[in-house]
Amino acid sequence: MGEKAPEMERARALLRDAHSVAVLTGAGISAESGIPTFRGAGGLWKQFRAEDLATPEAFRRDPRLCWEWYDWRRSVLSQVQPNAAHHALARLQRTKRDFTLITQNVDGLHFAAGSERVLEVHGSIWNLRCTGCEREWTDRSARLELLPQCPACDKLARPGVVWFGEKLNPNTWAAAERAASSSDVFLVVGTSAMVYPAAGLAPLARSAGAKVIEVNIEATPVSGLVDCALTGRAGEILPAIVSSDQEYGAGS
Ligand code: BV8
Ligand code: ZN
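Following the numbering used here, the residues of the sequence shown are numbered contiguously, the last one being 252.
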């Protein structure tokens with residue numbers, strides 16, 4: 001750990017002593033599971049960027065191209081596992097009375113690692129939603145029959161995610177804001193902190209009095225406001241700062 005040791009120790013102590021913890025994760029926490037991040041090197045698909053495809057206009061213009069991207073991502077995700085960072089957060093949740101995991105990721109890897117009640121503020125790639133009757137369902141098949149239709153009304157189905165320009169689910173977002181503003185410690189892991197409103201959660205937590213810890217391989221727009229910036233891979237840092245404390249409520 002070298003020069004990181006004091007900062008790591010500080011982060012470990014902050015997490016250990018916290019009563020209520022909120023965590024925000026982005027694509028960087030899944031990078032070590034082999035999932036390319038949005039803005040990193042592997043973030044392209046064919047010659048498209050996420051911002052070009054993850055929009056209602058792109059879906060309206062060419063639903064098949066949009067679905068081919070999502071179907072490819074689902075097939076890649078169906079072959080990967082959560083990594084040590086996902087598992088460390090699932091462990092941390094079990095040691096805290098008050099813990100909320102907020103993720104921008106749509107990959108479902110936090111659930112696969114055993115985290116519970118995860119707030120998926122940008123939805124889930126495993127959900128489909130009808131463009132006609134709004135019905136939503138989960139389909140975990142690695143490859144979909146394109147173009148998928150609603151089982152109830154036969155209209156075209158879309159990915160159950162939040163696209164750029166679309167509102168986040170109001171209940172999920174309100175829960176995320178509540179968690180951020182009532183946390184003692186707010187942990188931000190693997191996000192470029194560029195996508196709003198999720199990127200506003202760390203400043204919100206800090207203004208409400210939380211200590212903010214950031215884990216990232218590089219500096220981000222929120223690095224200037226955090227109390228503890230840990231530079232490095234989430235898969236290495238999270239297991240080191242999440243002590244294998246007594247599970248909360250165990251033995252009581
Ligand atoms: C909304 C789901 C309004 C789909 C996604 C100008 C200024 C401010 C805001 C805007 C603006 N113009 C437009 C907006 C709004 C827009 C926005 O913020 N745009 C950005 C690009 C400027 N936001 C929206 O449109 C949102 N909706 O505002 O609605 C509204 C209100 C009322 C009524 C109608 C509308 C909706 C945003 C949601 C978009 N959907 N995903 C899908 O996945 O297909 S966003 C997408 O980006 C993913 O969810 C992803 O998680 C998210 C954020 O990216 P990151 O997770 O941070 O990933 P990234 O690759 O960027 O960074 C990875 C990080 O990990 C890096 O920092 C890297 O260093 C680090 N890392 C890499 N490896 C590791 C690591 N860290 C640790 N360990 C490692 N090993
Ligand atoms: Zn329908």
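Every residue, glycine too, gets a C-beta built ideally from N, C-alpha and C.
Figure out for me which residue from the options has the closest Cα to the Cα of residue i.
i, options, result
"V76", "A31, E136, R61", "A31"
"S183", "R206, T172, F111, V189", "R206"
"L156", "R135, I125, H87, A142", "R135"
"L253", "N127, G224, A113", "Since the first residue of the chain shown is 1 and the last is 252, residue 253 is not available in this structure."
"S20", "Q104, K167, E145, G209", "G209"
"A11", "G224, V226, I213", "I213"
"S33", "N105, V80, E57", "V80"
"R233", "P6, M8, N216, A199", "N216"
Buried or exposed: which applies to residue i, given that a residue is buried once 16 or more other Cβ atoms fall within 10 Å of its Cβ?
i, result
"P148", "buried"
"T191", "buried"
"T220", "buried"
"C130", "buried"
"R74", "buried"
"D107", "buried"
"C133", "exposed"
"E120", "buried"
"S78", "exposed"
"A142", "exposed"
"T138", "exposed"
"A13", "exposed"
"L15", "buried"
"A54", "buried"
"P159", "buried"
"G26", "buried"
"A22", "buried"
"C153", "exposed"
Q) Counting Cβ pairs, one atom from each stretch, are 3 or more of them under 8 Å apart for the segment 90-102 and the segment 65-81? A) no
Q) Counting pairs of Cβ atoms below 8 Å between the segment 173-181 and the segment 97-108, do you hit three or more? A) Counting C-beta pairs closer than 8 Å gives three or more between the segment 173-181 and the segment 97-108, which meets the contact rule.
**Q.** Below 6 Å from a heavy atom of the ligand ZN - residues by beta-carbon
**A.** C130, G132, C133, R135, C150, A152, C153, K155
Q.
Quick check on the DSSP output: what are the complete beta strand (DSSP E) runs of length 3 or more inside the segment 172-227, in order along the chain?
A. 185-189, 211-216
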